[in-house]
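Protein chains: 2
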Amino acid sequence: MSTRAAPFDELDRKIVAALMENARASFNEIGATIGLSGTAVKRRVDRLCANGVITGFTATVRPSALGWRTEAFVEVYCDSAAPPRRMGEVVRNYPEIVAAMTVTGGADALLHVRAADVQHFEEVLERIRAEPFVRKTISHLVLSHLQTMGSEAGAGRPASGNAAHHR
Amino acid sequence: MSTRAAPFDELDRKIVAALMENARASFNEIGATIGLSGTAVKRRVDRLCANGVITGFTATVRPSALGWRTEAFVEVYCDSAAPPRRMGEVVRNYPEIVAAMTVTGGADALLHVRAADVQHFEEVLERIRAEPFVRKTISHLVLSHLQTMGSEAGAGRPASGNAAHHR
DNA sequence: TATGAAAATAGCTGAAT
DNA sequence: ATTCAGCTATTTTCATA
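From first to last, the protein sequence lines are chains A and B. Residue numbering for the first sequence follows full-length UniProt numbering, starting at 1 and increasing by one per position. Residue numbering for the second sequence follows full-length UniProt numbering, starting at 1 and increasing by one per position.
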């Protein structure tokens, strides 16, 4: 857990923020903006990766450019005895399911689905509904994004943050 | 009419896939795995960025490491006359809202919310519910992720894939 | 335990082919 | 698309506080 040895200070926060804004920025460049040498920045990035704070670096892509033009969230209601673990295994077989989680509220699970178009989505949905432990589904097709920002889960700390310790 | 502008061939697909897996990979490294020179890879990446296929490069972070330990999806039901645009403006004032979209189904909008803890989430939810045009909300707290994969919205092409307009 | 400076290696990028 | 050349960045080593 996080009680030990995670001196996540202000400099780390700024480095993470810089890398979230541009993961291909050079260490020297990042260092220049936060007042550190490139060497020091690299060391801290290496440590943040080793600690699991940074889990990777990825290109963000406009899904429609790759032909994924339809997006939906699907609430899944399971048979009462269906373990979430089963869901996890099944979900792995659907390349269209980009995220899946168990949730509170009416449904047992929520699926984030991408498909080429509504026909494709309908086909995927039929396959999901045919899974043995699925009792019913409620779909929410995404019409438009109100927030296209890249600031997802921002690098700022939460308002009532019990996050960052320091020395 | 396939000669112009954005062919997006198999090599581009592989480059995008490589950058989604590791956005800090060197051009030479990517080139080596797909049989191309680093220079050629760079030119293609530049073009993919200019075309808007690639929209950026970002570090992926474990939210809990930054103190965001609670996650939820909130269905928002609006007053009948509330334009989605209003939602967009409001949403911008909540750093806790990491994504917002209009959707079909019962609700008018779906919000992806991150908070430090459930207390923080409750506070955010109360603020959202106090917005003038919000009639009711249904919250789904995320319990666990069934798919922690980094393969979100995969670089593979959809089954019936036709891709790539731009500008 | 941290940093910064220097040196060697590796990568980036433009021009020519 | 490749090769080459000049420049920049990364990464290791070493010295310092």
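Ideal Cβ positions, reconstructed from N, Cα and C, are used throughout, including at glycine. It should be emphasised that the depicted structure is a prediction, and the values quoted were computed from it without experimental measurement.
* To do: Residues of the stretch 59–86 of chain B with a CB closer than 7 Å to any CB of chain A: list them in chain order, please.
  => Ala59, Thr60, Val61, Arg62, Pro63, Ala65, Leu66, Gly67, Trp68, Phe73 and Pro84
* Return yes when the Cβ of A/Glu96 is within less than 9 Å of the Cβ of A/Leu141, no when it is not. => no
* Could you tell me the distance, in whole angstroms, from the CA atom of B/Leu125 to the CA atom of A/Gly67? => 35 Å
* Asked: Under three-state DSSP, which class holds A/Ser144?
  -> strand
* At a Cβ threshold of 9 Å, is B/Thr55 touching chain A? -> Yes, B/Thr55 lies at the interface with chain A (some Cβ there is under 9 Å from its Cβ).
* Beta-carbon proximity check, B/Phe133 vs B/Cys78, cutoff 9 Å -> Closer than 9 Å, so yes.
* **Short CB-CB distance (under 9 Å) between B/Arg157 and chain A** => yes
* With a cut-off of 9 Å, does the C-beta of B/Ala115 fall near any C-beta of chain A? -> yes
* Short check: CB of B/Thr39 to CB of B/Phe27, under 9 Å? -> yes
* Say whether chain B places a C-beta atom closer than 9 Å to the C-beta of A/Leu146. => yes
* **Cross-strand partners of B/Ala40 (DSSP beta bridge)** => Paired residue(s): none; B/Ala40 is not in a bridge.
* Go ahead and pull the three-state DSSP assignment for B/Ala18. => helix
* Leaving out five residues on either side along the sequence, give the residues of the same chain with a beta carbon under 8 Å from the beta carbon of A/Pro63. => Arg69, Glu71 and Arg114
* To do: Could you list which residues in chain A have their beta carbon closer than 8 Å to that of B/Ala107, in chain order?
  => Residues of chain A passing the Cβ test: His140.
* To do: Would you grab the beta carbon distance between A/Glu131 and A/Val74 for me? Rounded to a whole angstrom, and I think it's under 8 Å.
  => Going by Cβ atoms, the distance from A/Glu131 to A/Val74 rounds to 12 Å, so no, they are not a contact pair.
* Going by DSSP, what residues sit across from B/Gly56 in a beta bridge? -> A/Thr60
* Asked: Any idea if A/Thr102 is buried or exposed, counting beta-carbon neighbours within 10 angstroms, 16 or more meaning buried?
  -> Result: buried.
* Asked: Comparing alpha-carbon positions, which option in A/Leu143, A/Thr137, A/Phe8 and A/Ser144 lies nearest A/Val76?
  -> The shortest Cα separation from A/Val76 among A/Leu143, A/Thr137, A/Phe8 and A/Ser144 belongs to A/Thr137.
* Asked: Any Cβ of chain B within less than 9 Å of the Cβ of A/Glu96?
  -> yes
* Asked: Per DSSP, which one or two residues make a beta bridge with A/Glu73?
  -> According to the sequence provided, residue 73 of chain A is Phe. The question's Glu does not apply to it. Assignment of beta-bridge partners to A/Phe73 by DSSP yields A/His112 and A/His140.
* **Span of the alpha helix (DSSP H), counted from its first residue to its last, around B/Ala32** => Phe27 to Ile34
* Can you name the residues of chain A whose CB is closer than 9 Å to the CB of B/Val118? -> Here the premise fails: no neighbours, minimum Cβ distance about 10 Å.
* My understanding is that A/Leu19 touches A/Arg44, with C-beta atoms under 8 Å, so please give their C-beta distance in whole angstroms. => Actually they are not in contact, since the Cβ atoms of A/Leu19 and A/Arg44 sit about 11 Å apart, beyond 8 Å.
* A/Ile92 (DSSP reduced to helix, strand or coil) -> One detail in the question is off: residue 92 of chain A reads as Arg in this sequence, not Ile. In the structure shown, A/Arg92 sits in coil (DSSP, three-state: anything other than H, G, I, E or B).
* **Limits of the unbroken beta strand (DSSP E) element including B/Ala100** => From DSSP, the beta strand (DSSP E) with B/Ala100 extends over Ile97 to Val103.
* To do: Note down the Cα distance separating B/Asn93 from B/Thr104, rounded to an integer number of angstroms.
  => 24 Å
* **is_contact[A/Thr104, chain B] using C-beta, thresh 9 Å** => yes
* Is the CB-CB distance between A/Thr60 and B/Thr55 below 9 Å? -> yes
* Cβ neighbours of B/Val41 in the same chain (closer than 7 Å, five flanking residues each side left out) -> Ile15, Phe27, Ile30 and Gly31
* May I have the straight-line CA-CA distance separating B/Asn22 from B/Asp9, to the nearest angstrom? => 20 Å
* Would you call the CB atoms of B/Ala100 and A/Gln119 closer than 9 Å? -> Not a contact, by the Cβ cut-off of 9 Å.
* Between B/Ala164 and A/Ala81, what straight-line distance do the alpha-carbon atoms span, to the nearest angstrom? -> Unreliable positioning characterises B/Ala164 in this predicted model, as indicated by a pLDDT of 34, which lies under 50. The coordinate reading is nonetheless provided below. Going from the Cα of B/Ala164 to the Cα of A/Ala81 covers about 44 Å.
* Compute the distance between the beta-carbons of residue 179 of chain B and A/Val53, then report whether it is under 9 Å. => In this structure chain B extends from 1 to 167, so residue 179 of chain B is not present and cannot be described.
* Unbroken alpha helix (DSSP H) run spanning A/Glu123, endpoints -> It spans Val118 to Arg129 - the alpha helix (DSSP H) in which A/Glu123 sits, taken as one unbroken run.
* **Cutoff 9 Å: B/Val131 Cβ touching any chain A Cβ** => For clarity, residue 131 of chain B is Glu in the given sequence; the question names Val instead. Output row for B/Glu131: interface = no.
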